[in-house]
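Engineer: Numbering of the sequence shown is given in numbering that gives the first Met the number 0, commencing with residue 0 and proceeding in unit increments. Before anything else, here's the structure in question.
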Amino acid sequence: MAKDLDVIVIGGGVAGLTAAAYLSRAGMRVGIFEQQHKLGGLAGAFSRRDFLFEQALQWVVGCQPGGTIYTCREELGLTLSFKQLDPWCRQIGPGFDVLLSSHVREWVGELCRLFPKEAGAIQQLTTDAIKLFRRIPDTPRKPNEMLTKWEKFKIGLLTVLNMKLYRKYLGISIQDLLVQEFKEPQVRTFFYSLCPIGSASAMLLLTTIGWIKEAISITQWAGAKPSSTVSGR
Ligand SMILES: Cc1cc2nc3c(=O)[nH]c(=O)nc-3n(C[C@H](O)[C@H](O)[C@H](O)COP(=O)(O)OP(=O)(O)OC[C@H]3O[C@@H](n4cnc5c(N)ncnc54)[C@H](O)[C@@H]3O)c2cc1C
Numbered sequence: 000m001a002k003d004l005d006v007i008v009i010g011g012g013v014a015g016l017t018a019a020a021y022l023s024r025a026g027m028r029v030g031i032f033e034q035q036h037k038l039g040g041l042a043g044a045f046s047r048r049d050f051l052f053e054q055a056l057q058w059v060v061g062c063q064p065g066g067t068i069y070t071c072r073e074e075l076g077l078t079l080s081f082k083q084l085d086p087w088c089r090q091i092g093p094g095f096d097v098l099l100s101s102h103v104r105e106w107v108g109e110l111c112r113l114f115p116k117e118a119g120a121i122q123q124l125t126t127d128a129i130k131l132f133r134r135i136p137d138t139p140r141k142p143n144e145m146l147t148k149w150e151k152f153k154i155g156l157l158t159v160l161n162m163k164l165y166r167k168y169l170g171i172s173i174q175d176l177l178v179q180e181f182k183e184p185q186v187r188t189f190f191y192s193l194c195p196i197g198s199a200s201a202m203l204l205l206t207t208i209g210w211i212k213e214a215i216s217i218t219q220w221a222g223a224k225p226s227s228t229v230s231g232r
């Protein structure tokens with residue numbers, strides 16, 4: 000069977016399935032070899048009694064026109080539809096119960112009210128995040144050598160404008176940043192729960208706050224059955 004194929008993709012997660020779909024669209028005979036009994040990899044779900052649990056995905060980035068997922072859908076002719084949630088999530092933890100929406104001022108205000116001693120640091124972190132996110136250049140959709148002079152100039156300019164913030168946040172992990180910036184463990188827990196990968200760069204946490212503000216990624220798979228959608232907590 001394998002000898003009839005042009006390409007074999009090992010692993011049927013989102014990456015493998017997407018690659019296989021594009022290769023197939025380009026006229027290749029593609030086989031996907033998946034070790035599990037079902038496709039999807041981490042982007043899957045399982046049920047226990049009446050409940051359906053998402054294994055990993057909570058939100059999906061890039062479903063707006065021009066975004067990566069949107070573009071894949073258009074190019075591959077998929078019948079997926081998306082639904083934007085705003086507010087998209089309720090964060091409940093020790094000392095806080097906060098609804099997250101693109102109205103950042105509202106939830107930041109609520110956090111500052113709950114933790115007045117940390118208000119300055121909370122405001123600083125979220126303001127930096129939004130500033131940085133607005134100026135992060137879009138990922139180019141073509142190789143460097145194919146970029147026009149104007150595109151290169153724009154990327155360079157945005158990078159220079161962000162330099163101060165890159166210097167502040169690039170070399171530090173989320174865990175270390177939260178310990179450095181906040182004294183109250185509850186505030187650390189709140190921000191950690193937005194991006195619970197302690198060893199990742201603080202940039203990831205800031206980008207997550209930026210996504211929440213722009214509400215471009217707070218997206219539910221509207222094409223899925225209600226019980227299998229990614230719902231706000
Ligand atoms: C807890 C958690 C939360 C997350 N939340 C989000 C989120 O909210 N939003 C978001 O966009 N992303 C999120 N992610 C990331 C996202 O789930 C992954 O980036 C994405 O699903 C990875 O897809 P993939 O195809 O690269 O890998 P995988 O999904 O890991 O797929 C790899 C596949 O290859 C198969 N495989 C591996 N080795 C072999 C082999 N030798 N032979 C055959 N098959 C093999 C595996 O069984 C698997 O099916 C989260 C991840 C985690 C862990």
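Note that beta-carbon positions come from the ideal geometry of N, C-alpha and C, so glycine has one too. Since we're looking at a predicted model, the values are computed, not measured.
On the three-state DSSP scale, how would you describe K82?
Structural biologist: Residue numbering aside, residue 82 sits at position 83 when the sequence shown is read from its first letter. Here K82 sits in strand by DSSP.
Engineer: Kindly examine ligand 1 and report whether one of its heavy atoms sits closer than 7 angstroms to the Cβ of A55.
Structural biologist: Looking up residue 55 in the sequence shown gives position 56. Because some heavy atom of ligand 1 lies under 7 angstroms away, the Cβ of A55 counts as near it: yes.
Engineer: Can you give the beta carbon distance from M202 to L160, rounded, assuming they're within the 8 angstroms contact cut?
Structural biologist: Within the sequence shown, the letter at position 203 stands for residue 202. Within the sequence shown, the letter at position 161 stands for residue 160. Contact flag wrong, Cβ pair sits at about 15 angstroms.
Engineer: Check whether the stretch 146-154 touches the stretch 110-120, counting contact only when three or more Cβ pairs, one atom from each stretch, lie closer than 8 angstroms.
Structural biologist: no
Engineer: Any idea what DSSP makes of G39, helix, strand or coil?
Structural biologist: Position 40 of the sequence shown, counted from the first residue, corresponds to residue 39. The answer is strand: DSSP assigns G39 an E or B state.
Engineer: Got a sec, what are the start and stop residues for the alpha helix (DSSP H) D233 sits in?
Structural biologist: Residue 233 cannot be examined here, being either before or after the span of the chain that is shown, 0 to 232.
Engineer: Helix, strand or coil: how does DSSP classify L204 here?
Structural biologist: To locate residue 204, count along the sequence shown from 1; it is residue 205. Residue state, collapsed to three classes: helix.
Engineer: Taking Cβ positions, are S198 and Q174 nearer each other than 8 angstroms?
Structural biologist: Locating residue 198 in the sequence shown gives position 199, counting from the first residue. Locating residue 174 in the sequence shown gives position 175, counting from the first residue. Contact: yes.
Engineer: At the level of alpha carbons, what is the spacing between R28 and L79?
Structural biologist: As a working mapping, residue 28 is identified with position 29 in the sequence shown. As a working mapping, residue 79 is identified with position 80 in the sequence shown. Using only the alpha carbons, I get a separation of about 24 angstroms.
Engineer: Give the DSSP-derived three-state secondary structure of V59 in the structure shown.
Structural biologist: For the purposes of this step, residue 59 is taken as the residue at position 60 of the sequence shown. Residue state, collapsed to three classes: coil.
Engineer: Examine ligand 1 and report whether any of its heavy atoms sits within less than 7 angstroms of the Cβ of V178.
Structural biologist: Here residue 178 refers to the residue found at position 179 when the sequence shown is read from its first residue. No, Cβ of V178 sits at least 7 angstroms from all heavy atoms of ligand 1.
Engineer: Just the C-alpha distance for Q54 and G10, rounded to the nearest angstrom, thanks.
Structural biologist: Here the question's residue 54 lines up with position 55 in the sequence shown. Here the question's residue 10 lines up with position 11 in the sequence shown. Straight-line Cα distance between these residues: approximately 17 angstroms.
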